[in-house]
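K.L.:
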Amino acid sequence: MGVQNFVDGSAAGKRTAKRARVLLAAKLQIGAIEIDVRLRDLSRKGALIEAQRVPAQGVEVTFIRGSLCVPARVAWSGEGRAGLEFGYLVDESEVLVQLKRTTTDQNQPRFRRPALGEDMSAQDRKLAQMWGISVGISIPGE
Numbered sequence: 007m008g009v010q011n012f013v014d015g016s017a018a019g020k021r022t023a024k025r026a027r028v029l030l031a032a033k034l035q036i037g038a039i040e041i042d043v044r045l046r047d048l049s050r051k052g053a054l055i056e057a058q059r060v061p062a063q064g065v066e067v068t069f070i071r072g073s074l075c076v077p078a079r080v081a082w083s084g085e086g087r088a089g090l091e092f093g094y095l096v097d098e099s100e101v102l103v104q105l106k107r108t109t110t111d112q113n114q115p116r117f118r119r120p121a122l123g124e125d126m127s128a129q130d131r132k133l134a135q136m137w138g139i140s141v142g143i144s145i146p147g148e
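Residue numbers (this note's numbering): 7 to 148.
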């Protein structure tokens, strides 16, 4: 999911704003209540959300996704889905920020096998040879 999914909706014949089909977590705030929702479609003008219980048509909400916090109105709702119409056109760069891939933790170590270079110690070379035997490959000795 990313910028390549940010398609021109006018090809469908109904919409004029580009929209992106996504599957992201978001929130709706209705007064003091926050509802967790799944974001399915996002454009500069609005969003398609899914939830177990969606607000009724016409209800004023605040759409929250990451740093994006936009007043919106429920344009339609039914069967666990609702269409939101944003109170103003969201800047396209703000929409694109929501589509970037994120990793769960950038500080997690990356595990890789050691390089089999000339500068290996005798102990490292012995370990590499033992590993090679266990997986069925031969690692040249000195």
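Positions of the beta carbon are idealized from the N, C-alpha and C atoms, including for glycine.
#1: Whether or not the segment 57-65 and the segment 24-31 are in contact is what I'm after, with contact meaning three or more pairs of Cβ atoms, one per stretch, closer than 8 Å; do they touch?
#2: Suppose the cutoff is 6 Å on Cβ atoms and the five residues either side in sequence are ignored; what does the same chain contact list for ALA81 look like?
#3: Using the C-alpha atoms, what's the distance from ILE143 back to VAL76?
#4: Can you have a look at ILE55 and say buried or exposed, based on whether 16 or more other CB atoms are within 10 angstroms of its CB?
#5: Output the boundary residues of the alpha helix (DSSP H) element that contains ALA128.
#6: Are the beta-carbon atoms of VAL101 and ARG50 separated by less than 8 Å?
#7: Ends of the beta strand (DSSP E) at GLN35?
#8: By DSSP's criteria, ILE70 is part of a beta bridge. Which residues make up the other side?
#9: Using a Cβ-Cβ cut-off of 8 Å, state whether ASP47 counts as contacting chain D.
#10: So for LEU54, helix, strand or coil by DSSP?
#11: Would you tell me roughly how many angstroms separate the C-alpha atoms of ARG87 and LEU133, rounded to the nearest one?
#12: DSSP on GLU91, reduced to helix/strand/coil?
#13: If you draw a straight line from the C-alpha of GLU85 to the C-alpha of ARG44, how long is it?
P.N.:
In short, the structure shows the following:
#1: Not touching, per the Cβ criterion.
#2: For ALA81, where only same-chain residues beyond five positions count, the Cβ hits under 6 Å are GLY89 and GLU91.
#3: C-alpha separation (whole angstroms): 58 Å.
#4: Result: buried.
#5: Looking at the DSSP string, the run of the alpha helix (DSSP H) that includes ALA128 is 128-141.
#6: For VAL101 and ARG50, yes; Cβs fall inside 8 Å.
#7: 24-36 is the span of the beta strand (DSSP E), which, as asked, contains GLN35.
#8: LYS33 and CYS75.
#9: Protein chain content of the structure displayed is limited to a single chain, and chain D is not contained in it.
#10: Correct three-state label for LEU54: strand.
#11: Rounded to whole angstroms, ARG87 to LEU133 spans 57 Å at the Cα level.
#12: Reduced to three states, the DSSP call for GLU91 is strand.
#13: Counting only the Cα atoms, ARG44 lies some 14 Å from GLU85.
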